[in-house]
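Comments concern the structure below.
Protein chains: 2
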Amino acid sequence: MKRKAYLKKTSLKRAQEILLKKFGNYKLQTENIKTEQAQGRVTAEAVYAQRSAPDYYASAMDGIAVKAFSTNYASEREPVILTKGQDFVYVDTGDLVPEPFNAVIKIEDVEKLEDKRVEIIQSVPVWNHIRSIGESVIKQQMIIPSHTEVNVFEIGSMLEAGVTELEVFKKPELSIIPTGSELVKPDEKKEKGQLVDFNSTMLKLTAQNWGLSVNDFAIVKDNYEEIKSNILKAVDSSDIIIVNAGSSAGREDYTLDILQSLGEVYVHGVDVMPGKPLIIAKVKGKAVFGIPGYPLSALLDLHLFVKPLVKNILGLKYVLPNKLRAKVKKKVPSTAGLKEFIRVNLAEIEGELLALPQKRGSASMHSLVNADGILPIPESKEGILAEEEVDVYLLKSKEVIKNNLMMIGSHDLTIDIIRDLIRKNKYDFALNIQSVGSLSGLVSLKRGESHLAGAHLLDSESGEYNTSYIKDLLQEEIAVINLVQREQGLMVKKGNPKGIKDIKDLTNDNLKFINRQRGSGTRVLLDYLLKNENIDKNKIKGYDKEELTHMGVAVQVAEGNADTALGIKAAAAAVGIDFVPIKEEKYDIILKKSELNDDRIDKIIKIIKSDQFKEKVKMLGGYNTKESGNIHFIE
Amino acid sequence: MKRKAYLKKTSLKRAQEILLKKFGNYKLQTENIKTEQAQGRVTAEAVYAQRSAPDYYASAMDGIAVKAFSTNYASEREPVILTKGQDFVYVDTGDLVPEPFNAVIKIEDVEKLEDKRVEIIQSVPVWNHIRSIGESVIKQQMIIPSHTEVNVFEIGSMLEAGVTELEVFKKPELSIIPTGSELVKPDEKKEKGQLVDFNSTMLKLTAQNWGLSVNDFAIVKDNYEEIKSNILKAVDSSDIIIVNAGSSAGREDYTLDILQSLGEVYVHGVDVMPGKPLIIAKVKGKAVFGIPGYPLSALLDLHLFVKPLVKNILGLKYVLPNKLRAKVKKKVPSTAGLKEFIRVNLAEIEGELLALPQKRGSASMHSLVNADGILPIPESKEGILAEEEVDVYLLKSKEVIKNNLMMIGSHDLTIDIIRDLIRKNKYDFALNIQSVGSLSGLVSLKRGESHLAGAHLLDSESGEYNTSYIKDLLQEEIAVINLVQREQGLMVKKGNPKGIKDIKDLTNDNLKFINRQRGSGTRVLLDYLLKNENIDKNKIKGYDKEELTHMGVAVQVAEGNADTALGIKAAAAAVGIDFVPIKEEKYDIILKKSELNDDRIDKIIKIIKSDQFKEKVKMLGGYNTKESGNIHFIE
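Protein chains in written order, with numbering that gives the first Met the number 0: chain U, 0 to 634; chain B, 0 to 634.
Rendered as structure tokens:
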């Protein structure tokens, strides 16, 4: 068995420099294409006008063409009368102004007398409202230089100037070779332990958006010879090759060895996170990239390396996304010497634009869908300090971000319904959520990191929900909006084979339990129930095994890894297992009372009170909406 | 003959409101499509995860899977030795961690002893480096809400979650009906007085970029019945209809009458420039737009009306382009009550970002290719004051604009060669040019509106070029770079049928001359030559007829509208007429001496001195490059 370390580690900047130095002079072929089909293509040569536009004296207005001198001395008191055919002709915008006419009068300034005569009350100079020849473009004038991306305006301008075809660079050919014995295609049936190859689709679409032509290979098993022969095939037929994944140091990561045997490896391992296990190599003059398998790592390497290379060989500028300046409330640690890119949500809270880091992890594809921006932490820093201002690259438009409403707290499936109804009602804001425990949500609200918190925290003294926690944590006027009440209970296998009836059964010898993490409302509830019944938690097998979500424990029960777990009915229903109700709990949305003035909060309350919301909640099962939308205050 | 005024004039804001009020509830049909083909489409319903990802305990690292308790107390002094199969198994990133193992140790932290044994020196907690079930996405979790545009991340996230198809809105169908008896298709032969219909192509491509499906009709003649039947056909087969042009008040503008007869007209005439003659009507429930024929008017109306309507019915946000704050040096007049959009160049000059308005005119398609931004002047204002700060919508990226080098002055064909060579050399800036006369160029330089001026101004006293003008106008240290010397002479018809030999022939009775505008270098030269030869300009037929460019006069001679004109040889060559040389003149690039420190100026001088430049100049004909790139200073 072979194990390898990185050949050498290279800084991001240095790796990009090496790349452009080694491949910057790569020559693409050119081809002649129709102007109308040139959108997104890049000119190989400057394009020159083949005719002037206009190429005749054209009327710039709807009106009459006249001889300018014949209008001399016209005034309101002494109008000049002109006769059709002799003194004027009617012209519309764009019409040729025939000789000997040399001025145009707007139709609004012409008074019609009878069939063939008109009256005007103002004189006009020569060339009045006549477009000169070449006003827009002159024959032989350069329309666009070489190495220019052709878009709508360029196409219009070329067609106007009689250019119906042009010489462009052929689209750079990119081969994507997905490798991994564990991979299946998105539409294939997936066994446990197999992974869906969705990277290939994302890489392909991204590259196509950059103007590349993509050749997507079938999935290649982790087999040295098979990978090698596919790389050789790709090198012969394309300009750039991506091998995904196998660039790291796993047992079946053959890419490095293969590329070393076929050509020259310039970089293996870049000080960037995610995306570290990158390989840059040259085989038969072509750039070959080995990129890692985690989707965020693969995408980042594509943006950091393949994009600048493509722009460079096309001679286009590599433009970074728009940036915004935002403040980070809480310290974000990072390793010095490593350039890290962190997904953040962005929201304007109390007059400040805040960047709110998401949980890290380059495998969390879905988090990228919810992210508003990417926060780069320079190599030179050991992270970002609390209250520090930073630049954030935007994934969404400024105008969208400005209206973001931020919620941090416990997740509930009915939040998704609100988010969807905001869109369906065409409201002009988005509700973004970061899922953490109920308690962490309240802490974030206190820290000013969110507009809203979501919590279902039972006070084991009073039996009440949330109030005592809010009083303890938040020393200001607070509004509490009830979202839903929901049934907590014991999730059990289909048919409840072990006959679980209530919380006392958890200590049964033949039961395996699975728990939620500390700080979660469900964990608080469990401990309250155990205390009430005087049950020793040490007697529950699996009490120490934690999952982070309702669905996490539900899946464990469904898969047979546990017999039971405490959680909500909707999660049990979602995975098709049974449910023994134990207690109804309140899930509240908590905010500073002053935020109630916000029009967006009004709209959310309106949604929560709507029949549409309540019907959709009912369909999930295990919810009660009788108090949904009710507000009370805590001072 | 029928003449009409606008039905009523509506403000931009009001017209947009009417549009959304009348059509905002338009219902699009939906369809089920493959996730992999969903890029750019808009969800009709929220999309939920069909499985968790990962849906098994997956190793997050390349390494070994162990039972966490078996690593307890491991230390450098007392390593723990593990046996393969019994105490550990090898796992790569993404592999299933098999029972009973519950932690993963990175391969870098594993010391291999012999074939089946490894040594570790640090204990690991339970679940170390194991991805929890649903870490990325949990079954039944909402991936994206309805009314959401699907892009690469969304597609990746859906495929990861087992969503291989989804419900999206059908692409809104847009019909574009080009009308006009004078129109020909871009690839057809064009007669004088005919216009190429390139609007249809631009409108189509733009609409497709916004996610519309476009149905482009053949050109319809200006005929009431034909236009009517095409509108009816379009209304039956599409969601939105554009009739281009015929929305104004010309003799053959039938659109208004037809739409009034078929349905309801809400708007005719909007207080916006360009784009004023807009019609908004409803026919059989569909939005029908009549838009004007000038390309910039048509494009602006598309952006101001069709785009917000489409975004609205799809439930997406209508996002305006990025803006930048810039200063205007010179007053820009405008009419109160009219919202005007003016094309500008943008450049950073002496530490300030300046917006430099281009010549107006909604027919000048090519100017849009060279524009960097659009400056909106609000209805409430009578223009922009000198030194006022304004917002400019960007047509190019900030990073491109930041590096713009601005040249204002006389145009010469060799400037295009420099612009092209900047791109070919992959230099990181663009040279933008606004063509005005030589004198105006020097005035702009003085006003601080440009980095460079281009001039060929003869001092009729000294016979020298440019120097005295610079000394008179610019009271600071100036650098003068010679671009080229070029032959000025008399352009004559092919074969020189009238036997023109020199400037004295211009007074011949049988000759028609055409002149250049006052302030142009060529006009200065002509007057100098006439004075030298004691020729009375009043004896030259056509002395008062002015064209703005070398090519303008060349075309007049080629077309037979004049017998001769003074101009450069390259222009004569471009239109295939003959040339009688009169005098070699200097064309210089003029800049403030302090700007010579600018790296971009260095690069331009390098280009001017290069063989590549000189060869290309030679091919134009009539140029001499023996002093090209030479610099002298004027203090």
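C-beta atoms are modelled at their ideal positions from N, C-alpha and C, and glycine is treated no differently.
Counting along the chain, no alpha helix (DSSP H) covers Ala-244 of chain U, and no H or E run does either.
In this chain, Pro-276 of chain B is not harboured by any beta strand (DSSP E), its DSSP state being neither H nor E. Think of a sphere of 9 Å around the beta carbon of Ile-142 of chain B: the chain U residues whose beta carbon falls inside it are His-365 and Val-368, in chain order. Residue B:Asn-198 holds the alpha-carbon nearest to the alpha-carbon of Leu-298 of chain B among B:Ala-45, B:Val-88 and B:Asn-198. Shortest Cα-Cα distance from Leu-261 of chain B to any of B:Ile-230, B:Gly-336 and B:Arg-40 involves B:Ile-230. Taking a C-beta cut-off of 9 Å against chain U, the contacting residues of the segment 122 to 146 of chain B are Val-125, Trp-126, Arg-130, Ser-131, Ile-132, Gly-133, Glu-134, Ser-135, Val-136, Ile-137, Lys-138, Gln-139, Gln-140, Met-141, Ile-142, Ile-143, Pro-144, Ser-145 and His-146, listed in chain order. For the segment 317 to 338 of chain B, the residues whose beta carbon sits under 8 Å from a beta carbon of chain U are, in order, Val-318, Leu-319 and Asn-321. For secondary structure counted as the alpha helix (DSSP H) over 4 or more consecutive residues, the segment 438 to 517 of chain B holds these complete runs in sequence order: 466 to 472.
For Ala-43 of chain B, the three-state secondary structure derived from DSSP is coil. Taking 8 Å as the CB threshold, Leu-472 of chain B stays off the interface with chain U. Between Thr-254 of chain U and Gly-289 of chain U a beta carbon distance of about 4 Å is seen, short of the 8 Å cut, so the two are scored as contacting. Counting C-beta pairs with one atom in each stretch, the segment 409 to 420 of chain U and the segment 383 to 393 of chain U have fewer than three that are closer than 8 Å, which means they do not touch. Within chain U, not a single residue places a beta-carbon under 9 Å from that of Leu-211 of chain B; the smallest gap is close to 14 Å. Residue state for Phe-304 of chain B is assigned as helix, using DSSP reduced to three classes. With contacts defined as CB atoms closer than 8 Å, Ser-122 of chain B and Ala-73 of chain B qualify as a contacting pair. Contact of Ser-396 of chain B with chain U is assigned, a C-beta pair being separated by under 8 Å. By the criterion of a C-beta distance shorter than 7 Å, Leu-420 of chain U is surrounded in its chain by Ile-606, Gln-611 and Phe-612, once the five residues flanking it on both sides are discounted. Restricted to the segment 8 to 72 of chain B, the beta strand (DSSP E) segments that are unbroken, complete and at least 3 residues in length are 29 to 33 and 62 to 65, listed in chain order. Non-local C-beta neighbours of Val-616 of chain U in its own chain, meaning closer than 8 Å and more than five positions away in sequence, comprise Thr-413, Ile-416, Val-483, Tyr-622, Thr-624 and Ser-627, ordered along the chain. Contact of Gly-155 of chain B with chain U is assigned, a C-beta pair being separated by under 8 Å. Taking all protein chains shown into account, Glu-398 of chain U has fewer than 16 neighbouring C-beta atoms within 10 Å of its C-beta and is therefore exposed.
The DSSP assignment places complete alpha helix (DSSP H) segments of no fewer than 4 residues inside the segment 104 to 162 of chain B at 151 to 159, in order along the chain.
Within the segment 33 to 58 of chain B, the residues whose Cβ lies closer than 9 Å to any Cβ of chain U are, in chain order, Lys-33, Thr-34, Glu-35, Gln-38, Thr-42, Glu-44, Ala-45, Tyr-47, Ala-48, Arg-50, Ser-51, Ala-52, Pro-53, Asp-54, Tyr-55, Tyr-56 and Ala-57. Against chain B, a Cβ distance below 9 Å from Gly-628 of chain U picks out nothing, because the smallest value is about 20 Å. Counting only residues of its own chain and dropping the five nearest sequence neighbours on each side, Ala-45 of chain U has a CB closer than 6 Å to the CB of Met-141, Pro-144 and Ser-145.
For Gly-268 of chain B, same chain residues with a beta-carbon under 8 Å away, outside a window of 5 residues either side, are Tyr-5, Leu-6, Lys-7, Lys-8, Thr-9, Lys-275, Pro-276 and Leu-277 in chain order. DSSP, reduced to helix, strand and coil, places Leu-95 of chain B within a strand of the structure shown. Judged by DSSP in its simplified three-state form, Ile-226 of chain B adopts helix. Contact annotation for Leu-547 of chain B against chain U: Ser-131 [CB-CB distance below 7 Å, chain order]. Contacts with chain U at 8 Å (Cβ-Cβ) include Asp-61 of chain B.
Under the 8 Å criterion on CB atoms, Arg-515 of chain U is classed as non-interfacial with respect to chain B. Listed in chain order, the beta strand (DSSP E) runs fully inside the segment 349 to 375 of chain B are 351 to 356, counting runs of at least 3 residues. Proximity to Asp-54 of chain U across B:Ile-480, B:Gly-566, B:Gln-555 and B:Ser-609 peaks at B:Gln-555, based on C-alpha coordinates. Minimum Cα-Cα distance from Ser-439 of chain U among the listed residues U:His-455, U:Asn-424 and U:Lys-425 corresponds to U:His-455. The straight-line gap separating the alpha-carbon atoms of Ile-226 of chain U and Gln-193 of chain U is approximately 19 Å. Between the segment 560 to 571 of chain B and the segment 503 to 513 of chain B there are three or more C-beta pairs closer than 8 Å, enough to call the two in contact.
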